[in-house]
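Undergrad: Before I ask anything, let me first share the structure, which is written out below as C-alpha cells.
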Amino acid sequence: MDAVTKKTLKADMKTNTEGQLTFGAASSFDTSLKNGEYAIEGLKPDNSYRLVETQAPEHYEGDAADQANATSGVQKQRWEDSLAAGSVDFTIKTDQTQLKLTATNQKKAGQIIVTKKADTTTDDRFPGKMTMIGAQFAMYRYREDGTVDHSHAWTTTITNQNGIVTFNDHDLYEGKYLLVETQAPRGYVIPDDLAKGIDVNVKGDQKVALDPIIEPEFRRAIQLQKTDGNFGNHLAGITFDLYGSNGNVLAKDLVTDEAGQINLPFNLPIGDYYFEETKTLPKYELNTDKIDFKVEQTDLTQTVSALASQNKQQPVTVQVANYQINSLVIKKVDAADSNQVLAGAVFRLTNDNGYSKEFTTDVNGLVTFDNLKLGRYWLTEVKAPAGYTINPDYAKPVAVDIKSGDTIRMTIADQRHVLPSTEGGNNGNDVRHDQPSRRLLFGSFGDRDAITLVLLGIVILVIAGSTVILRRRKRS
C-alpha cells in the first residue's frame with residue numbers, strides 16, 4: 008500500500024519451493040496481477056511470522072534502483088531502512104482463521120529545478136542587472152478531485168547568484184503541483200502567470216527542470232510637474248536635463264508641456280536621480296538647485312500588470328515650483344530740483360525671509376534691486392548723498408510690495424543741508440552750505456557793534472599818532 012495515498016500496489020507475488028512468499032518488481036503494472044492483495048495459506052497457529060520486503064515497487068523507497076546504488080554507507084543504510092519500513096511482523100493465534108496485514112511503501116520524492124533570469128531587453132541607459140537572490144516560491148499539491156490543497160506548501164528561496172533553486176523535499180511525491188512565485192527579488196516584479204501559479208507534473212523520482220522564468224524589471228514612470236510658486240498655475244516651456252546619481256546624463260532638453268509636465272519617455276529602475284533646470288521663462292527665477300528624487304520599491308509581491316497600472320495612474324511625481332521675479336529701481340533727486348539726480352545715496356532692502364542687500368545710487372542717481380521674488384520688502388535710506396539729509400520718510404524701513412508685472416520704479420528726493428538764519432544779516436533767509444557766508448569776522452556781535460569797534464580803533468590810532476608828533480616838536 009502507498010504510504011500517502013493508501014492505494015494498494017500491484018506486485019508480482021509468489022511462493023518459492025521453501026514456502027517463502029516472494030514479490031517481483033512491479034515495473035509493468037500488469038493488469039493480470041492482483042491488486043496488491045495476496046492470500047497466504049497454510050500458516051500454523053500460535054506462531055509468529057515476519058513478512059520481509061526484499062525489494063519495493065518501482066519509484067518507491069527500496070526499489071531495484073536503490074538496491075543497485077546501495078553498495079555501502081549511508082545509501083545502503085537508507086535502503087535497508089526503507090525495506091524494514093515495508094516489512095511487517097505478525098502472529099497467528101489459535102482461534103484465528105484469517106488475518107489481514109498491511110505493509111506500506113514510501114514513494115520516492117521527485118525534484119523540481121527552477122531557474123530565473125532577468126529580462127534581456129537591451130537598455131543602454133541601465134545595462135547592469137540585479138541578481139535573482141531573494142525570489143521566493145511555494146508549491147501546492149493537487150487533490151484527486153482536481154482542487155489545490157493549500158493546507159501544506161513546499162517553499163524555497165533563491166540564495167545564489169545564478170538564479171537556480173531546487174525543490175527536493177523528501178515528500179515531493181509523484182503527482183500534479185501548482186508552482187507560485189510569492190515574492191520577487193529586489194528590483195523585479197512577479198510575472199502574472201507565476202503569481203497565479205503554473206502546473207508542474209512530477210513523475211516518480213524524476214528531476215523536472217522547468218524552462219527558465221524571465222523576470223521583468225521593476226521600473227517606475229516619472230512625471231515632473233512645474234508650477235508657479237506664487238499662484239500655482241502650470242508653466243510650459245521650461246527645460247530640464249535628467250541625471251543618474253553618479254552624474255551620468257540620462258536625458259537632455261526635456262521641456263514642460265502645456266500642462267506644465269514632463270512625462271519621461273522611459274521608466275526608471277530603483278535608484279537615486281536628479282533633474283537640473285537649464286532654461287526658464289522671462290520674469291521667472293532659474294532654479295539652480297539639483298532636484299533630487301528616488302525610485303523605491305516597497306512591495307516585492309507586485310505583479311507586472313499591477314506595476315503597469317500603477318505607472319499609468321500614479322507615476323512618481325516630482326514637484327518643482329518656479330517663482331516670478333521683478334526689479335525695484337530707485338531714483339534719487341534733489342528735493343528743490345527733480346531734474347538734478349544725486350549719486351552716493353545708500354539704500355537697504357530686506358524681507359522677512361532673510362533677504363538683505365545694500366546698493367548705492369550711481370552717477371545717474373539710480374539703484375536697482377534685481378531678481379526679487381514677489382512679496383513684501385522693507386526699504387531704508389541708510390546714507391544720504393554728500394551735502395544732503397536722509398529723507399525722513401525713509402529713515403526707518405518702509406514697506407514695498409513687489410508684484411508681478413512691469414519693473415517697480417520709485418523716486419525719492421533729499422533736502423540740502425541748511426544753516427539756521429541769523430538776525431538781520433541775511434534778511435531772515437537760510438544760508439545753504441554751498442554759498443559763502445557774507446557775515447564779517449565779528450558777525451556774532453551784529454553789524455553795528457562791529458562798525459563801532461572799528462571806528463574806535465581808528466580814533467585811538469589817530470590820538471596816539473598826534474601825541475607822538477607833538478612831543479617831537481617840543482624837543483626840537
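If you're matching positions, the sequence shown starts at 8 in my numbering and goes up one per residue. Every residue, glycine too, gets a C-beta built ideally from N, C-alpha and C. Fair warning: this is a prediction, and the values are worked out from it, not measured in the lab.
With residue 206 as the anchor, note down where its beta strand (DSSP E) starts and where it stops.
TA: 205 to 209 is the span of the beta strand (DSSP E), which, as asked, contains residue 206.
Undergrad: Among all the DSSP beta bridges, which residues are the ones paired with residue 383?
TA: DSSP output for residue 383 lists 408 as bridge partner(s).
Undergrad: How would you write the range of the alpha helix (DSSP H) that residue 313 sits in, first residue to last?
TA: Its alpha helix (DSSP H) spans residues 311 to 320.
Undergrad: With distances taken Cα to Cα, identify the nearest neighbour of residue 210 among 245, 320 and 65.
TA: Measuring from the Cα of residue 210, the nearest candidate turns out to be 65.
Undergrad: For residue 282, which option in 232, 309, 389 and 365 has the closest C-alpha, if you only look at C-alpha atoms?
TA: Looking at the Cα atoms, 232 is the closest of the given residues.
Undergrad: Quick one: residues in its chain with C-beta nearer than 6 Å to the C-beta of residue 271, no 5 flanking neighbours on either side, listed in chain order?
TA: Answer for residue 271: 229, listed in chain order.
Undergrad: Would you call the CB atoms of residue 59 and residue 94 closer than 8 Å?
TA: Contact flag set, yes.
Undergrad: Let me know if residue 360 comes out buried or exposed under the rule of 16 or more other beta-carbons within 10 Å of its beta-carbon.
TA: So residue 360 counts as exposed.
Undergrad: Smallest Cα separation from residue 158: which of 167, 146, 164 and 166?
TA: It is 146.
Undergrad: Do the region 207 to 224 and the region 242 to 251 touch if we need at least three Cβ pairs shorter than 8 Å?
TA: The region 207 to 224 vs the region 242 to 251: no contact.
Undergrad: Compare the Cα-Cα distances from residue 352 to each of 346, 336, 253 and 373 and report the closest residue.
TA: Among 346, 336, 253 and 373, the Cα nearest to that of residue 352 is on 373.
Undergrad: If you run the structure through DSSP and keep just helix, strand and coil, what is residue 191?
TA: If DSSP states are grouped into helix, strand and coil, residue 191 belongs with coil.
Undergrad: Could you tell me whether the Cβ atoms of residue 368 and residue 350 are closer together than 8 Å?
TA: The answer is yes: Cβ separation under 8 Å.
Undergrad: Contact defined as beta carbons within less than 8 Å: I believe residue 376 pairs with residue 334. What is the distance between those atoms, to the nearest angstrom?
TA: Confirmed, Cβ separation roughly 7 Å.
Undergrad: With distances taken from CA atoms, which of 100, 118, 114 and 80 is nearest residue 62?
TA: Measuring from the Cα of residue 62, the nearest candidate turns out to be 114.
Undergrad: What is the DSSP secondary structure of residue 467, reduced to helix, strand or coil?
TA: The answer is helix: DSSP assigns residue 467 an H, G or I state.
Undergrad: Between 284, 107, 280 and 317, which lies nearest to residue 301 when the distance is taken from Cα to Cα?
TA: Measuring from the Cα of residue 301, the nearest candidate turns out to be 280.
Undergrad: Counting along the chain, where does the beta strand (DSSP E) carrying residue 507 start and finish?
TA: Residue numbering for the chain in the displayed model covers 8 to 483; residue 507 lies beyond these limits and cannot be assessed.
Undergrad: Give the secondary structure of residue 201 by DSSP, where H, G and I count as helix, E and B as strand, and everything else as coil.
TA: Helix at residue 201.
Undergrad: What residues in its chain sit with their C-beta under 8 Å from that of residue 177, if we drop five residues either side in the sequence?
TA: Correct list, in chain order: 116.
Undergrad: Taking one C-beta from the region 191 to 211 and one from the region 248 to 256 each time, how about it: are there three or more such pairs within less than 8 Å?
TA: Contact between the region 191 to 211 and the region 248 to 256 is absent, because fewer than three Cβ pairs lie under 8 Å.
Undergrad: So is residue 238 buried or exposed if we call it buried at 16+ other beta carbons inside 10 Å?
TA: Looking at its Cβ environment, which holds fewer than 16 other Cβ atoms inside 10 Å, residue 238 is exposed.
Undergrad: Which first and last residues belong to the beta strand (DSSP E) in which residue 286 is found?
TA: That run of the beta strand (DSSP E) goes 278 to 286.
Undergrad: Please state if the CB of residue 175 and the CB of residue 213 are separated by a distance shorter than 8 Å.
TA: No, the pair does not count as a contact, with Cβ atoms beyond the cut-off.
Undergrad: Can you tell which of 465, 135, 141 and 294 has the C-alpha that lies nearest to the C-alpha of residue 235?
TA: Comparing Cα positions, the closest option is 294.
Undergrad: Out of 326, 254 and 277, which one is the CA nearest neighbour of residue 266?
TA: The option with the nearest alpha carbon to residue 266 is 326.
Undergrad: In or out: residue 172 buried (at least 16 other Cβ within 10 Å) or exposed?
TA: The residue in question, residue 172, is buried, as its Cβ has 16 or more Cβ neighbours within 10 Å.
Undergrad: Should residue 140 and residue 198 be called a contact, given that it needs their Cβ atoms to be closer than 8 Å?
TA: Cβ distance not < 8 Å, so residue 140 and residue 198 don't count as in contact.
Undergrad: Can you give me the C-alpha to C-alpha distance between residue 365 and residue 397, rounded to a whole angstrom?
TA: Approximately 15 Å between the Cα atoms of the pair.
Undergrad: Helix, strand or coil for residue 76 per DSSP?
TA: Residue state, collapsed to three classes: helix.
Undergrad: Looking at the structure shown, is residue 388 part of a helix, part of a strand, or coil, going by DSSP?
TA: Looking at residue 388 - three-state DSSP - the assignment turns out to be strand.
Undergrad: With residue 416 as the anchor, note down where its beta strand (DSSP E) starts and where it stops.
TA: Element bounds for residue 416: 415 to 423.
Undergrad: Is the separation between the beta-carbon of residue 164 and that of residue 143 shorter than 8 Å?
TA: Closer than 8 Å, so yes.
Undergrad: Using a 10 Å radius around the Cβ and a threshold of 16 neighbouring Cβ atoms, would you call residue 263 buried or exposed?
TA: Looking at its Cβ environment, which holds 16 or more other Cβ atoms inside 10 Å, residue 263 is buried.
Undergrad: I think residue 100 touches residue 52, with their Cβ atoms under 8 Å apart; what is that distance to the nearest whole Å?
TA: Going by Cβ atoms, the distance from residue 100 to residue 52 rounds to 6 Å, so yes, they are a contact pair.
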